[in-house]
Amino acid sequence: MSKTAAEPTAAVPVAWPGYARGSSGYRRILIALGAAGVATFAQLYAPQGILPLIGGSLQVDAARSAMTVSAGTFGLAISVLGWSWLADRIGRAPAMKIALAAAAVLGLLTVLAPNFEAMLGLRIAEGVALGGVPALAIAYLHEEVEPGQVAIAAGTYISGTTVGGLLGRLVAAPFADWGGWRIGMLSVAVMAGIASVLFILLIPAARGFRPTGASGRQVTAGLRANLKNPAMLVLYAQAFLLMGGFVAIYNYLGYRLEAAPFGLPVSLAALIFLAYLAGTVSSRIAGGLAARRGRRPVLLISTVIMIIGVALTLPDWLPTILIGLVILTAGFFGAHSIAAGWVGARARTGKAQATSLYNLFYYGGSSLFGWLGGVAYLVGWFGTASMVLLLAAAALLIAVVGARD
Numbered sequence: 025m026s027k028t029a030a031e032p033t034a035a036v037p038v039a040w041p042g043y044a045r046g047s048s049g050y051r052r053i054l055i056a057l058g059a060a061g062v063a064t065f066a067q068l069y070a071p072q073g074i075l076p077l078i079g080g081s082l083q084v085d086a087a088r089s090a091m092t093v094s095a096g097t098f099g100l101a102i103s104v105l106g107w108s109w110l111a112d113r114i115g116r117a118p119a120m121k122i123a124l125a126a127a128a129v130l131g132l133l134t135v136l137a138p139n140f141e142a143m144l145g146l147r148i149a150e151g152v153a154l155g156g157v158p159a160l161a162i163a164y165l166h167e168e169v170e171p172g173q174v175a176i177a178a179g180t181y182i183s184g185t186t187v188g189g190l191l192g193r194l195v196a197a198p199f200a201d202w203g204g205w206r207i208g209m210l211s212v213a214v215m216a217g218i219a220s221v222l223f224i225l226l227i228p229a230a231r232g233f234r235p236t237g238a239s240g241r242q243v244t245a246g247l248r249a250n251l252k253n254p255a256m257l258v259l260y261a262q263a264f265l266l267m268g269g270f271v272a273i274y275n276y277l278g279y280r281l282e283a284a285p286f287g288l289p290v291s292l293a294a295l296i297f298l299a300y301l302a303g304t305v306s307s308r309i310a311g312g313l314a315a316r317r318g319r320r321p322v323l324l325i326s327t328v329i330m331i332i333g334v335a336l337t338l339p340d341w342l343p344t345i346l347i348g349l350v351i352l353t354a355g356f357f358g359a360h361s362i363a364a365g366w367v368g369a370r371a372r373t374g375k376a377q378a379t380s381l382y383n384l385f386y387y388g389g390s391s392l393f394g395w396l397g398g399v400a401y402l403v404g405w406f407g408t409a410s411m412v413l414l415l416a417a418a419a420l421l422i423a424v425v426g427a428r429d
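Heads up: the sequence shown begins at 25 in my numbering, then just goes up one per residue.
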């Protein structure tokens, strides 16, 4: 029997097109992810601005003191694949909520650590919890935002992470100067808890997510496919090399500025982290330029800018050091915002695994070179800066040869 015009037809599922730029859902996503960025990166990097105080209190040298930062990034690096697997089943937003809640509790426990070894263990656990945000945020944007707006939204999210990193360092330093490193870390933990609540309340329910229930074999296949893709390896190399060098600069510059000939107090030396505001601006600019001009030229130019900035920190003259720090920070975050957004766009299979691998390399580089920068610092700032210049030059060469829009 043929259908008449009045006879109902079966509904055809329509793919979710994503929130349009300017919509209330789009604004809620950006505010919520900005709050998540603050909660995550404030806690992750809070020790960096007070490393000399931590080292003095717990009686460890500069390289060991910097391990409190590397422990957090190491925990994050080893957790991103697990968070990706969990999010494939329960959704990106619920997984990020769990991550932030667990990190808030661990951040408070870290303040109570009785010795250096216990602090390292808690920092690793805190990093594991925090891994749920950077592992999933970009994938969430790809599912919930219009495709044409993802690069801009990713740049905005990255700018939020710079604000988080900045606040963690700036808030910790004056409180630590007043009451010791534990009070400094506690102040950041409270701030991060408030930001986490804001994220939980604001993040929209997923509309583009579809549970995959991927088996271990499928996850492994996604990892293997991305690791065999030369184009993806180029982006992973950017994450590993550039982030490693960037963290090394910030880990040890405070030691340099507190020593002769500068002799700055901890609270004043921590103001160098205001340079992070350059990254807040450059990551958004880079996202907009990439949408108009393509990702490759913006990535290359950003890396060159970072190299120029590192070179300017070499002289023992405070103005050039500060100018160089602003320039290298702007260059790094411009490159990072491009590479991070490019991973999700370029992945053909295993998108969640592709993003997780980027974060694995990103924070793996932070953990390794953040510590090795201290070994290089045994010969002075020239040693640390030279290591970072080599890392950035290697990243640039790889991008010139292998990056293609």
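From the three backbone atoms N, C-alpha and C, an ideal C-beta is built for every residue, glycine too.
Contacting residues, own chain, Cβ-Cβ under 7 angstroms from residue i (five flanking each side not counted)
i: Gly318; result: Asp429
i: Ala442; result: Only positions 25 to 429 of the chain appear in this structure, which leaves residue 442 out of reach.
i: Ser143; result: Residue identity differs from the one stated: residue 143 is Met in this sequence, not Ser. Answer for Met143: Thr92, Thr134 and Ala137, listed in chain order.
i: Leu110; result: Ala119
i: Gly184; result: Leu57, Gly58, Gly61 and Val62
i: Ala293; result: Gly278, Leu281 and Glu282
i: Leu326; result: According to the sequence provided, residue 326 is Ser. The question's Leu does not apply to it. So the qualifying residues of the chain are Ala310, Gly355, Gly358, Ala359 and Ile362.
i: Ile345; result: Thr337
Assigned exposure category for residue i - 16 Cβ within 10 Å defines buried
i: Ser48; result: exposed
i: Gly389; result: buried
i: Lys252; result: exposed
i: Trp202; result: exposed
i: Ala178; result: buried
i: Ile430; result: Look at the range of the chain in this structure, 25 to 429, and you will see that residue 430 is not part of it.
i: Pro71; result: buried
i: Pro76; result: buried
i: Asp85; result: exposed
i: Gly312; result: exposed
i: Pro37; result: Any reading at Pro37 needs caution, since the residue's pLDDT is 47, under 50, leaving its predicted position unreliable; the model's value is listed next. Exposed, since its Cβ has fewer than 16 Cβ neighbours within 10 Å.
i: Gly80; result: exposed
i: Leu146; result: buried
i: Gly287; result: exposed
i: Ile218; result: exposed
i: Val169; result: buried
i: Ala39; result: exposed
i: Ala447; result: As displayed, the chain neither begins before 25 nor continues past 429, which places residue 447 out of reach and without an answer.
Neighbourhood of residue i by C-beta, 6 angstroms cutoff - its chain only, sequence neighbours within 5 removed
i: Leu54; result: Thr180
i: Ser26; result: Here the model assigns Ser26 a pLDDT of 46, short of 50, so the residue's position is not dependable and the matter cannot be decided.
i: Ser103; result: Val152 and Gly155
i: Ala117; result: Ile227 and Ala230
i: Arg280; result: Trp405
i: Gly192; result: Ala66, Tyr69, Ala70 and Val212
i: Met330; result: Leu352, Gly355, Phe356 and Ala416
i: Ala175; result: Gly311, Ala314, Ala315 and Gly365
i: Phe140; result: Leu82 and Val84
i: Phe270; result: Phe356
i: Phe199; result: Ile207, Gly208 and Ser211
For residue i, the first and last residue of its enclosing alpha helix (DSSP H)
i: Ile347; result: Leu342 to Arg370
i: Tyr382; result: Lys375 to Ala400
i: Asn275; result: Pro254 to Glu282
i: Glu167; result: Ala161 to Glu168
i: Gly312; result: Tyr300 to Arg317
i: Arg88; result: Ala86 to Ser89
i: Val434; result: Missing from the structure shown is residue 434; the chain here goes from 25 to 429 and no further.
i: Pro198; result: Val174 to Gly203
i: Gly80; result: Leu75 to Leu82
i: Val290; result: Val290 to Ala293
Residue of the options minimising C-alpha distance to residue i
i: Ala261; options: Ile148, Ala86, Ala149 and Ala359; result: Ala359
i: Asp340; options: Ala283, Gly172, Tyr43 and Gly80; result: Ala283
i: Ser307; options: Glu167, Gly365 and Ala378; result: Gly365
i: Asn250; options: Ala142, Leu415, Ala369 and Ala229; result: Ala369
i: Ser291; options: Gly131, Leu222, Ser108 and Trp205; result: Trp205
i: Gly189; options: Phe65, Val157, Arg241 and Phe233; result: Phe65
i: Thr244; options: Ser108, Leu415 and Ala293; result: Ser108
i: Leu130; options: Ala299, Thr97 and Ile148; result: Ile148
i: Ala163; options: Asn139, Lys375, Tyr401 and Leu132; result: Lys375
i: Val221; options: Val367, Pro289, Val305 and Ala128; result: Ala128
i: Ala87; options: Ala427, Ala400 and Ala302; result: Ala400
i: Ile347; options: Gly232, Ala314, Ala299 and Leu381; result: Ala299
i: Ala255; options: Arg372, Lys121 and Gly73; result: Arg372
i: Val305; options: Ala125, Val424 and Val187; result: Val187
i: Ser380; options: Ala95, Tyr43 and Leu100; result: Leu100
i: Ala95; options: Gly394, Arg51 and Val328; result: Gly394
i: Tyr387; options: Ile422, Gly42, Ala423 and Met267; result: Met267
i: Ile422; options: Ile122, Pro158, Val328 and Gln377; result: Val328
Proximity test, Cβ basis, 8 angstroms: residue i and chain D
i: Gly131; result: This model lacks chain D altogether; it includes just one protein chain.
Sequence-distant residues of its chain with Cβ nearer than 8 angstroms to residue i (five each side left out)
i: Ile273; result: Val334, Thr337, Leu349, Leu352, Gly397, Thr408, Ala409 and Val412
i: Pro235; result: Asp112, Arg113, Ile114 and Gly115
**OP:** Starting from the N-terminal side, write out each stretch of the alpha helix (DSSP H) that is 4 residues or longer and does not extend beyond the stretch 113-146.
**Re:** Qualifying alpha helix (DSSP H) stretches, in chain order: 116-134.
**OP:** Give, in chain order, every unbroken run of the alpha helix (DSSP H) that is at least 4 residues long and sits entirely within the stretch 40-69.
**Re:** Counting only runs of 4 or more, we get 48-69.
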